[in-house]
Amino acid sequence: MNDTIAAISTTLGVGAISIIRVSGKDAIKEVNKITNIDLTKKESHTISYGYIKNNNEIIDEVLITIMKAPKTFTKENIVEINCHGGIATTKKTLELLLEQNIRLAEPGEFTKRAFLNGRIDLIESEAVMNLINVKNEKSRKIAINNLKGSTTNQIKKLREKILKILTNIEVNIDYPEYHDIEVLTIEKLKKELITIEQSLDKLIENSKVSKLLTNGINVAIIGRPNVGKSSILNKLIEEDKAIVTDIPGTTRDIVEAGLNIDGITLNLIDTAGIRETEDIVEKIGVEKSKEIIEKSDLILLVLNNNEKLTKEDEKLLELSKNKLRIIVVNKSDLDKKLEINLPNTVYTNTIDDEGLSKLIEKIKELFNLDQIETDDFYYISNINQVKKIENTKNSIKDIKEGLENNIPIDMLEIDLKNIWQTLGEVIGETYTEELLDNLFKDFCVGK
Ligand code: GDP
């Protein structure tokens, strides 16, 4: 942490400018060695014009920003060099920096330093990464919420609540003669535990939703030939407000198209199956159909409103019955011949402009996507951290069971302390090196 690090913070490629970021105690002193500007005389948070020089050779014409500790992202001295974009120029400047007393930053190291120096907590660090990776408007909104600390505040409140219970237990044990101090009855404790449990439930649930928002919902459109699968797919593509070209975090081989609809990303899987003209179940086989169904978060099972239910339809209904699915009764513009009475059924057609609106509404409803408009959407994006929260929920269950079995309240203190401790780990009040390494390794270099 005492050394000075540097990395190219913009994407390395041809562009108008590239930014190289340098952070560390000696950042200003070291960069000063390769420029004609006297950076040591510059005020904090100022930009200067000058050159990057290798002895007498001019390497690039640049703008250099000086930001002095502690009012910086890492709370260390930071120098940012705006070079001309272009691989050779940017790399040459970086090489020159690395010849000084500066080393190349590891992925996520700037953010790691921001965390270690107390500038941001763990959840905010993750929000930084999420903000970089977001693919749609809704994910951006929730990531920026977390960067503002909404989840951290929720978890802090929970910890305070637990601490209050612990204090109460301690006082009751140590000073039983203090009658004016409220005795924590089992009933009161149970009530408190239920509210804590509900908050944890919401946190876990929201975290799942946020994962779907960030990575997209894997959707399979299945149905027998001619029910309108490709027409639906094409119509959805038309609706797409921003084409998703790259979908990290999803298994590329199964995802064939990523669509952004109303701020949510749908990863359509196995579109080849959609385009089959022959019997889908026979052609690709029951096993393959099962596989596709298995891989998806959501099935759109398309039926034809204008035809009676067939054996193939029944087969597909059976195969997908345990998955989250929407029964899409298509061709609603034609005479109704299909009788079906199943949950999550919507009527669509690909003829009218609004023909698919009910389908889109249903998808949002199933994933509670509308609730994330609210400002108090708190969530955790790191899967290991979510697991920790799930464990704390199990501990609460154990405490509740203990109370049912008349175990004295003070015996349950240790479980409560553990929950308090775990919640602290989630926001990073306590952490291990291993945890940090795992967390920051997924960041890009330069962040
Ligand atoms: P797929 O084999 O399931 O992919 O079905 P297609 O999308 O190729 O559609 C089969 C036929 O149904 C085509 O002639 C479409 O134009 C027609 N079709 C699709 N959706 C609708 C709809 O909502 N209403 C009507 N009337 N025809 C539709």
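According to our numbering, the sequence shown holds residues 44 to 490 in order.
Yeah, the Cβ is synthetic: ideal placement off N, Cα and C, and Gly gets one too.
- 8 Å or more divides the Cβ of residue 389 from the Cβ of residue 270.
- By the neighbour-count criterion, in which 16 or more other beta carbons inside 10 Å mark a residue as buried, residue 244 falls on the exposed side.
- Between the alpha carbons of residue 263 and residue 168 lies a distance of about 34 Å.
- According to the DSSP assignment, residue 103 belongs to the beta strand (DSSP E) that extends over 100-110.
- Assigned with DSSP and collapsed to three states, residue 66 falls in strand.
- When DSSP states are grouped into helix, strand and coil, residue 128 belongs to the coil group.
- Residues 91, 124 of the same chain have their beta carbon placed closer than 6 Å to that of residue 107, with the five preceding and five following residues left out of the count.
- For residue 423, no alpha helix (DSSP H) run applies, since DSSP gives it neither H nor E.
- Residue 178 and residue 185 have their C-alpha atoms spaced approximately 12 Å apart.
- Short of 8 Å from the beta carbon of residue 150, and not among the five residues preceding or following it, lie these beta carbons of its own chain, in chain order: 483, 484, 485, 486, 487, 488, 490.
- The beta-carbon separation of residue 61 and residue 51, rounded to 6 Å, stays under the 8 Å limit for a contact.
- Judged by beta-carbon spacing, residue 425 lies beyond the 8 Å limit of residue 465, meaning their Cβ atoms are not closer than that value.
- A heavy atom of ligand 1 is found nearer than 7 Å to the CB of residue 393.
- By the Cβ neighbour-count rule, residue 49 is buried, with 16 or more other Cβ atoms within 10 Å of its own.
- Taking a contact to require three or more Cβ pairs closer than 8 Å, the region 92-104 and the region 65-84 qualify as touching.
- Placement of the Cβ of residue 377 at a distance of less than 7 Å from at least one heavy atom of ligand 1 is found.
- Residue 275 is positioned such that its CB atom lies no closer than 8 Å to that of residue 377.
- Judged by the Cβ position, residue 270 qualifies as a neighbour of ligand 1 at the 7 Å threshold, a heavy atom of the ligand being closer than this.
- Collapsing the DSSP output to three states places residue 50 in a strand.
- For residue 467, the enclosing alpha helix (DSSP H) begins and ends at 456-470.
- Per DSSP, residue 154 is one residue of the alpha helix (DSSP H) stretching across 152-159.
- Here DSSP, grouped into helix, strand and coil, assigns residue 178 to coil.
- In terms of side-chain proximity, the C-beta atom of residue 400 is found no nearer than 7 Å to any non-hydrogen atom of ligand 1.
- DSSP places residue 91 inside the beta strand (DSSP E), whose first and last residues are 89-97.
- Segment contact: the region 465-474 against the region 156-170, three or more CB-CB distances shorter than 8 Å; contact assigned.
- Contact annotation, residue 452 with residue 232: C-beta distance approximately 6 Å; criterion of less than 8 Å satisfied.
- Relative to ligand 1, the nearest heavy atom lies less than 7 Å away from the CB of residue 266.
- The Cβ atoms of residue 122 and residue 101 do not sit closer than 8 Å to each other.
- Ranked by Cα distance from residue 273, the options 136, 159, 181, 394 are led by 394.
- Taking the CA atoms as reference points, residue 448 sits about 12 Å from residue 454.
- The C-beta of residue 257 has 16 or more other C-beta atoms within 10 Å across all chains shown, which makes the residue buried.
- For the pair residue 242 and residue 429, the CB atoms are not nearer than the 8 Å cut-off.
- Between ligand 1 and the CB of residue 374, the shortest heavy atom gap is smaller than 7 Å.
- Between residue 305 and residue 407, the beta carbon gap of about 7 Å places them in contact (Cβ cut-off 8 Å).
- With a cutoff of 8 Å on beta-carbon distance, residue 381 and residue 350 are scored as near each other.
- Sequence-distant partners of residue 183 (beyond 5 residues in either direction) whose C-beta falls short of 8 Å from its own C-beta, in its chain, are 174, 177.
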